[in-house]
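Engineer: Could you have a look at this structure, given as structure tokens, before my questions?
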Amino acid sequence: MSMRLSSKDQYEQLLNDYDTWMFDCDGVLWRGDGIIDGVSRTLDILRSRRRQIIFVTNNARDSRQQLLAKFRKIGVKAHMASQGSHGDHQDEIFSSAYATAVYLSSVVQFPQSKKVYVIGMSGLEEELKAEGIACAGGTSPEDCTLDPFSLSDFTLDPDIAAVVCGLDTTITYTKLSKAFQYLTRNPGCQFIATNEDKKSRSSQRAVALRTWEGPIMHGKPSATMMDCIRAKSVHPSRLD
Numbered sequence: 000m001s002m003r004l005s006s007k008d009q010y011e012q013l014l015n016d017y018d019t020w021m022f023d024c025d026g027v028l029w030r031g032d033g034i035i036d037g038v039s040r041t042l043d044i045l046r047s048r049r050r051q052i053i054f055v056t057n058n059a060r061d062s063r064q065q066l067l068a069k070f071r072k073i074g075v076k077a078h079m080a081s082q083g084s085h086g087d088h089q090d091e092i093f094s095s096a097y098a099t100a101v102y103l104s105s106v107v108q109f110p111q112s113k114k115v116y117v118i119g120m121s122g123l124e125e126e127l128k129a130e131g132i133a134c135a136g137g138t139s140p141e142d143c144t145l146d147p148f149s150l151s152d153f154t155l156d157p158d159i160a161a162v163v164c165g166l167d168t169t170i171t172y173t174k175l176s177k178a179f180q181y182l183t184r185n186p187g188c189q190f191i192a193t194n195e196d197k198k199s200r201s202s203q204r205a206v207a208l209r210t211w212e213g214p215i216m217h218g219k220p221s222a223t224m225m226d227c228i229r230a231k232s233v234h235p236s237r238l239d
């Protein structure tokens, strides 16, 4: 049940009740290329109280490094543990691409000997590789071609153990065909989607209609996104 806070005591109680605060990005932190009034002050208060801040976005196109550049451009402070210069700071940016990579590496413990076939863009590939997951497809020129796809010229890679589907502005029949082959011919091959929205739903449905099975969905507000945040969070027991 939601309620409007009207007193200082109510705000203090809210700040004391929660260690971890999660924020959507587009329309919450910024609108277009401009920061929303009050955002900087709110984040400063939370940081002064040593509260953990997590930024959550269904952006599967960009890597966290690319998203961090946008945070800086707009004027929103955000940290990434991989930067190294922030000492004990934890990852604060959780995109659906990163959550998908963490799900594979930390939640299901995807075997290092296996690979994923990607329907998606460079940001998704970057996050998967950063988690030690080998990729095929994606931005490969061989798969971004508009040339006809023929099964007679296709060699099934037995090491492909998952198909990961995200926003792909260079979606091709070749990518869809290969994804279908892996999902139906490689035993146990997982079908995973970074998130469900209008921009990425068409490619997900195209694969799902051919396999008759829907994907494991990531991104907000799915439970798997929360699993990934718990896997990297400082205060996993206080994520309510």
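Here the sequence shown is numbered in numbering that gives the first Met the number 0, starting from 0 and rising by one per residue.
Where is the CB? At the ideal position from N, CA and C, for every residue including glycine.
Give me, in chain order, the residues of the same chain whose beta-carbon lies closer than 6 Å to that of A129; leave out the 5 immediate sequence neighbours on both sides.
Structural biologist: Hits under 6 Å: none found.
Engineer: Exposed or buried, what is N57 when buried is set at 16 or more other beta-carbons lying within 10 Å of its beta-carbon?
Structural biologist: The residue is buried, with at least 16 neighbouring Cβ atoms inside 10 Å.
Engineer: Could you check which residue in K72, Q89, F70, I73 has the C-alpha nearest to that of M79?
Structural biologist: For the residues K72, Q89, F70, I73, the minimum Cα distance to M79 belongs to Q89.
Engineer: Can you say whether S95 is buried or exposed, counting buried as having 16 or more other CB atoms within 10 angstroms of its CB?
Structural biologist: Looking at its Cβ environment, which holds 16 or more other Cβ atoms inside 10 Å, S95 is buried.
Engineer: Should A100 be labelled buried (16 or more other beta-carbon atoms within 10 Å of its own) or exposed?
Structural biologist: Label assigned to A100: buried.
Engineer: Which residue wins for smallest C-alpha separation from A133, given the options L145, L103, S151, Q12?
Structural biologist: The candidate whose alpha carbon is nearest that of A133 is L103.
Engineer: Determine the contact status of L28 and K76, defining contact as a CB-CB distance below 8 Å.
Structural biologist: Not closer than 8 Å, so no.
Engineer: Buried or exposed: where does P214 fall if 16 or more other Cβ atoms within 10 Å of its Cβ makes it buried?
Structural biologist: Result: buried.
Engineer: Quick check: the Cα distance between T258 and S121, rounded to an integer number of angstroms?
Structural biologist: Lying before the first or after the last residue shown, residue 258 is absent from the chain, which here runs from 0 to 239.
Engineer: Quick check for students: name the residue ranges of the alpha helix (DSSP H) that lie wholly in the stretch 5-81, counting only runs of 4 or more.
Structural biologist: Within the stretch 5-81, the complete alpha helix (DSSP H) runs of at least 4 residues are 7-16, 38-47, 63-73.
Engineer: Beta-carbon within less than 6 Å of M216's beta-carbon, same chain only, minus the 5 sequence neighbours each way: which residues are those?
Structural biologist: Excluding positions up to five away in sequence, the list reads A192, E195.
Engineer: Which same chain residues, not among the five before or five after R48, have their C-beta less than 8 Å away from its C-beta?
Structural biologist: Closer than 8 Å at the Cβ level, and outside the excluded window around R48, lie L14.
Engineer: Who are the near neighbours of L155 in its chain, counting only those whose CB is closer than 8 Å to its CB and skipping five residues on each side?
Structural biologist: The answer, listed in chain order, is Q180, Y181, R184, N185.
Engineer: Note down, in chain order, each residue of its chain lying with its Cβ closer than 6 Å to the Cβ of Q82, except the 5 sequence neighbours on either side.
Structural biologist: Residue confidence for Q82 is low, a pLDDT of 45 falling below 50, so the modelled location carries little weight and cannot support an answer.
Engineer: Would DSSP call F153 helix, strand or coil?
Structural biologist: The answer is coil: DSSP assigns F153 none of H, G, I, E or B.
Engineer: Determine the direct distance from the alpha carbon of F22 to that of I34, and round the result to whole angstroms.
Structural biologist: Taking the straight line from one Cα to the other gives about 14 Å.
Engineer: For the beta strand (DSSP E) containing S121, list its first residue and its last residue.
Structural biologist: That residue, S121, is in no beta strand (DSSP E); its alpha helix (DSSP H) goes 121-129.
Engineer: Smallest Cα separation from D16: which of G26, D36, L45?
Structural biologist: For D16, the nearest C-alpha among the options comes from L45.
Engineer: Restricting to runs no shorter than 4 residues, where is the alpha helix (DSSP H) found entirely within the stretch 88-118?
Structural biologist: Counting only runs of 4 or more, we get 95-101.
Engineer: Would you mind reading off the limits of the alpha helix (DSSP H) that contains F179?
Structural biologist: From DSSP, the alpha helix (DSSP H) with F179 extends over 172-184.
Engineer: Which partner residues does F148 have in the DSSP bridge list?
Structural biologist: Paired residue(s): none; F148 is not in a bridge.
Engineer: Out of G31, A68, Y172, S112, state which residue places its alpha-carbon closest to the alpha-carbon of D146.
Structural biologist: Selected option, being the one with the closest Cα: Y172.
Engineer: Between R229 and S151, what straight-line distance do the alpha-carbon atoms span, to the nearest angstrom?
Structural biologist: The alpha-carbon atoms of R229 and S151 are separated by roughly 45 Å.
Engineer: For Q189, collect the residues of the same chain with a Cβ closer than 6 Å to its Cβ; drop the 5 residues on either side in sequence, then sort them by chain order.
Structural biologist: Around Q189: A161.
Engineer: If R60 and L175 are in contact, beta carbons under 8 Å, what's the gap, nearest whole angstrom?
Structural biologist: With a Cβ gap of about 19 Å, R60 and L175 do not count as contacting.
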